[in-house]
Amino acid sequence: MLLLTCPHCGIAAEETEFNPGGEAHLKRHGPGASDEDFEGYLFLRHNVKGPVLERWRHSYGCGKWFLAARDSVTLQVYGTYPASLAHPSDEVGDSVRAAHPNWRTQI
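Below, the structure is given as structure tokens:
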């Protein structure tokens, strides 16, 4: 069971209070994008084994979207940050790198 903390309202709760939204920081293409670009946006994901960045919604709380860094193998949550940020916060990044020194975001 994951224990996530919403960065907006500060409530820490089990994952059943949240809804997952898939991979974070996906690049969206404009109206002139090719079919291949649109297909990549809809269907292709990194699906890495280890640290991942994901979107979550605090469904049974404030209702806001946020991003979380967690390990897909151990389910350890390294931290959460607002969805408005283009990159993980320094605190979250440092937490991931403490466990995985060679980790870099794939943004």
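The opening position of the sequence shown corresponds to residue 178 in the numbering used here, with each subsequent residue numbered one higher.
For every residue, glycine included, the Cβ atom is placed at its ideal position computed from N, Cα and C.
May I ask you to list the residues that DSSP assigns as paired with residue i?
i, result
"residue 276", "Paired residues: none, contrary to the question."
"residue 196", "234"
"residue 245", "231, 257"
"residue 180", "191"
Is the beta carbon of residue i sitting closer than 7 Å to the one on residue j?
i, j, result
"residue 186", "residue 240", "no"
"residue 201", "residue 222", "no"
"residue 255", "residue 273", "yes"
"residue 230", "residue 246", "yes"
"residue 248", "residue 228", "yes"
"residue 179", "residue 252", "yes"
"residue 212", "residue 206", "no"
Can you give me the start and stop residues for the beta strand (DSSP E) that residue i sits inside?
i, result
"residue 231", "228-234"
Does residue i come out as helix, strand or coil in the three-state DSSP assignment?
i, result
"residue 218", "helix"
"residue 270", "helix"
Let's test the definition: count the other Cβ atoms within 10 Å of the Cβ of residue i and tell me whether it reaches 16, buried, or not, exposed.
i, result
"residue 250", "exposed"
"residue 264", "exposed"
"residue 209", "exposed"
"residue 270", "buried"
"residue 243", "buried"
"residue 197", "exposed"
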